[in-house]
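Peer 1: Let me begin by handing over the structure; questions about it come next.
Protein chains: 2
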Amino acid sequence: MAAGHMTAGTANAAETGEALGRREQSKAANRQAILDAARRVFAQLGYEAASVRDIIRGTDLASGTFYNYFKSKEEVFEALADDGARRFRPVLRAQREQATCFEDYIERAVHAYFTFLVTEHRAGAHPTYDRGPHVRANTPEMIAVFEEVRDGVADAIARGTAPMVDPDFLAAAAIGVAQEVGDVMLKRNPPDVSGAARFVTAFVLGGVGKVGER
Amino acid sequence: MAAGHMTAGTANAAETGEALGRREQSKAANRQAILDAARRVFAQLGYEAASVRDIIRGTDLASGTFYNYFKSKEEVFEALADDGARRFRPVLRAQREQATCFEDYIERAVHAYFTFLVTEHRAGAHPTYDRGPHVRANTPEMIAVFEEVRDGVADAIARGTAPMVDPDFLAAAAIGVAQEVGDVMLKRNPPDVSGAARFVTAFVLGGVGKVGER
DNA sequence: AGCGAAGTTGACGGGCCGTCACGGGGTGAC
DNA sequence: GTCACCCCGTGACGGCCCGTCAACTTCGCT
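Respectively, the protein sequence lines represent chains B and X.
Note that my numbering gives residue 1083 to position 204 of the first sequence, counting from 1, and the numbers run on in steps of one.
Note that my numbering gives residue 1027 to position 148 of the second sequence, counting from 1, and the numbers run on in steps of one.
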């Protein structure tokens, strides 16, 4: 803004972190244009059915340009996924710090996840990943919850708060429950986030307890 | 075999159910050739990466012939899936009848499912469904277990053996656990079917118990 | 102003898709 | 045994998507 009559040199860019050269600006814009188009296209056609060409048509770029930014449809998906995870993870961390106990922690994490699911679902960002036989993609939030829960569980076990069980199995079980129940929840109208979160929490905690008994 | 000098008329076919006309014979053979090729190709390339052309090349048929039997790759997958389910379901039923209680029933079902998984996995029939972002197809056995467990749970609730809970959520949770833990199990060497089955059983039963408490 | 690098463009060869007009061979009637 | 019918296998075809690349445009710097 204060650039005025400056020649937009490198010194200015380093000064604030913004006001990049035309080159960098255009690069960022193109990348974002591709991601935006991809979001729209995935939402409309579903990930499976969408083609790179569909995404390109959603921008005003040439086909070759796409490949300057991404190698494939998969890579675009991953970029979108990382984006989702980056937005979601802080929320999850916050819940973890506010939690009063292990039980509370699980419920908060799951509740946050389901809320996120419903939001993204409403926004159309989560297309029907289920075309063909029946296919599901691991959403970024899922991965975030997975790692978060795994860490939380490992913590709890280390502190003796939770029984000692195979953490891989446990994390897998928890994520499986959240995933499937989340799916069922989304199909209901209206989706009962709190109810589903309570169900999952109880189920997982009950499972942990029973498994820990030997 | 006893056909001898017969003119292979329709009456003979109806008599035993076999000894079909050349036409029907060839049709069955072609269908089977496609399914066999598809199994191989899916195993080798993965479901995602496999193309209809790959399947066709795995047979000595022309491309047009494929479409006389199946509309798409998806339809071939479904045919293979139905086949798997048809082989697996009787096993599951048998376990159900042998079970002495609800707990035993769950463990038997899960154990049978995991055994099936390992067998099919070894046979290469279950390719890496996870290419690209991370994609998973609902296998036919999964669907069979899903329905079986759902029915079993509904039964148990009706008889008062299991606490009254939302059966959709419950079935979803159970299948989610089995699915994810099954995945983890398959990645270990050697896969511990009994251990995983015990884990899942305990987890699910614990979950059911806790959820039922209110 | 002018040069070199960075980035964009769109045409191109290769491959897959599903279709369809053709022809060969099984089938049943006589 | 013969023959007409029609089922079904065949493979070439137009349409589309893929990833590449030589030519060109734009930017950044001197």
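All residues carry an ideal CB built from backbone N, CA and C; glycine is no exception.
1) So does the stretch 1032-1052 of chain X actually touch the stretch 944-964 of chain X, counting three or more Cβ pairs closer than 8 Å?
2) Just tell me which of B/A1035, B/V1060, B/E957 and B/F995 has its CA closest to the CA of B/R966.
3) With a cut-off of 8 Å on the beta carbons, I'd call X/V1063 and B/A1051 a contact; round off their distance for me.
4) Going straight from the alpha carbon of B/D983 to that of B/V1079, what length do you get?
5) Determine which residues of the stretch 1030-1059 of chain X have a Cβ less than 9 Å from any Cβ of chain B, and write them out in chain order.
6) Beta-carbon of B/A1081 versus every beta-carbon of chain X: anything under 7 Å?
7) Looking at chain B, is there any beta carbon in it that lies within less than 7 Å of the beta carbon of X/L914?
8) With a threshold of 7 Å on Cβ separation, who are the neighbours of B/G937 within its own chain once the five nearest residues in sequence on each side are excluded?
9) Can you name the residues of chain B whose CB is closer than 8 Å to the CB of X/G1088?
10) If X/E986 sits next to X/R1077, beta carbons under 8 Å apart, how far is it from one beta carbon to the other, in whole angstroms?
11) Which value, in whole angstroms, describes the spacing of the CA atoms of B/I905 and B/A964?
12) Please classify X/K950 as buried or exposed, where buried requires at least 16 neighbouring CB atoms within 10 angstroms.
13) Please compile the residues from chain B whose C-beta is within a distance smaller than 7 Å of the C-beta of X/F995.
14) I'd like the list of long-range same chain contacts for B/T895, defined as Cβ closer than 7 Å, with 5 residues on each side in sequence excluded.
15) Would you mind telling me which residues of chain B sit closer than 8 Å to X/D1062, beta carbon to beta carbon, in chain order?
16) B/L914: which of B/P1070, B/D933 and B/Q977 sits nearest, CA to CA?
17) Quick check on this structure: which residue in B/L940, B/G925, B/R975 and B/F1025 has the alpha carbon closest to the alpha carbon of B/N909?
18) Apply the 10 Å Cβ neighbour rule to X/A991 and answer buried if 16 or more other Cβ atoms are within range, or exposed otherwise.
19) Using beta carbons (cut-off 7 Å, strictly below), is X/F1078 in contact with chain B?
20) Between X/S1073 and the rest of its own chain, which residues show a CB-CB distance below 8 Å, the 5 nearest in sequence each way excluded?
21) If we ignore side chains and look at the alpha-carbon of each, how far apart do B/L1049 and B/G1055 end up?
22) B/G1031: which of B/T998, B/P1070 and B/Q974 sits nearest, CA to CA?
23) Just the Cα atoms here: how many angstroms apart are B/A988 and B/V1060?
24) So which of B/G1086, B/D1047, B/G1091 and B/V1028 has the shortest CA-CA distance to X/A1053?
25) Give the C-beta separation of X/F993 and X/A1075 to the nearest angstrom, bearing in mind that I take them to be a contact with Cβ-Cβ under 8 Å.
26) In or out: B/Q1058 buried (at least 16 other Cβ within 10 Å) or exposed?
27) Within its chain, find whatever has a CB closer than 6 Å to the CB of X/I1036; leave out the 5 residues flanking it on each side and keep chain order.
28) Rounding to the nearest angstrom, what Cα-Cα distance links B/E1026 and B/V931 in this structure?
Peer 2: Looking at the coordinates:
1) no
2) Taking the first sequence and counting its residues from 1, one reaches residue 966 of chain B at position 87. Of B/A1035, B/V1060, B/E957 and B/F995, the residue nearest in Cα terms is B/F995.
3) On the second sequence, position 184 is the one that residue 1063 of chain X refers to. On the first sequence, position 172 is the one that residue 1051 of chain B refers to. That belief holds up - the Cβ atoms of X/V1063 and B/A1051 are roughly 5 Å apart, short of 8 Å.
4) Numbered from its first residue, the first sequence carries residue 983 of chain B at position 104. Numbered from its first residue, the first sequence carries residue 1079 of chain B at position 200. Computed Cα separation, rounded: 12 Å.
5) V1044, D1045, D1047, F1048, L1049, A1050, A1051, A1052, A1053, I1054, G1055, V1056, A1057, Q1058 and E1059
6) Mapped onto the first sequence, residue 1081 of chain B falls at position 202. At least one chain X Cβ lies under 7 Å of B/A1081.
7) By one-based count along the second sequence, residue 914 of chain X stands at place 35. Not one chain B Cβ lies under 7 Å of X/L914.
8) By one-based count along the first sequence, residue 937 of chain B stands at place 58. Answer for B/G937: A916, R919 and V920, listed in chain order.
9) As a first step, residue 1088 of chain X must be located in the second sequence, where it is residue number 209. G1085 and K1089, listed in chain order.
10) As a first step, residue 986 of chain X must be located in the second sequence, where it is residue number 107. As a first step, residue 1077 of chain X must be located in the second sequence, where it is residue number 198. That belief holds up - the Cβ atoms of X/E986 and X/R1077 are roughly 7 Å apart, short of 8 Å.
11) Numbered from its first residue, the first sequence carries residue 905 of chain B at position 26. Numbered from its first residue, the first sequence carries residue 964 of chain B at position 85. Residue identity check: residue 905 of chain B is Ser in the sequence provided, not Ile. Approximately 25 Å, taken between the alpha carbons.
12) By one-based count along the second sequence, residue 950 of chain X stands at place 71. Exposed is the call here.
13) Counted from its first residue, the second sequence places residue 995 of chain X at position 116. Per Cβ cutoff of 7 Å: no residues; X/F995 is ~18 Å from chain B at best.
14) As a working note, residue 895 of chain B is residue 16 in the first sequence. Bear in mind that the predicted position of B/T895 carries a pLDDT of just 47, short of 50, making it too unreliable to give a figure here.
15) Position 183 of the second sequence holds residue 1062 of chain X. In chain order: A1051.
16) Taking the first residue of the first sequence as position 1, residue 914 of chain B is located at position 35. Closest option to B/L914, Cα to Cα, is B/D933.
17) On the first sequence, residue 909 of chain B is found 30 positions in, with the first residue counted as 1. The residue with the shortest Cα to Cα distance from B/N909 is B/L940.
18) Taking the first residue of the second sequence as 1, we reach residue 991 of chain X at position 112. Classification of X/A991: buried, given that the 10 Å Cβ count is 16 or more.
19) Here residue 1078 of chain X is taken as the residue at index 199 of the second sequence, counted from 1. X/F1078 counts as touching chain B.
20) Taking the first residue of the second sequence as 1, we reach residue 1073 of chain X at position 194. Hits under 8 Å: H990.
21) As a first step, residue 1049 of chain B must be located in the first sequence, where it is residue number 170. As a first step, residue 1055 of chain B must be located in the first sequence, where it is residue number 176. Those two C-alpha atoms are separated by around 10 Å.
22) The residue you call residue 1031 of chain B lines up with position 152 of the first sequence. The shortest C-alpha separation from B/G1031 is found at B/Q974.
23) For the purposes of this step, residue 988 of chain B is identified with residue 109 of the first sequence, where counting begins at 1. For the purposes of this step, residue 1060 of chain B is identified with residue 181 of the first sequence, where counting begins at 1. When rounded, the distance between both Cα atoms is 14 Å.
24) Translated into positions along the second sequence, residue 1053 of chain X becomes position 174. Taking only the C-alpha atoms, the option nearest X/A1053 is B/G1086.
25) On the second sequence, position 114 is the one that residue 993 of chain X refers to. On the second sequence, position 196 is the one that residue 1075 of chain X refers to. Right, their Cβ atoms sit about 6 Å apart.
26) Here the question's residue 1058 of chain B lines up with position 179 in the first sequence. Classification for B/Q1058: buried.
27) Here residue 1036 of chain X is taken as the residue at index 157 of the second sequence, counted from 1. Hits under 6 Å: M1043.
28) As a working note, residue 1026 of chain B is residue 147 in the first sequence. As a working note, residue 931 of chain B is residue 52 in the first sequence. Their backbone Cα atoms lie some 30 Å apart in a straight line.
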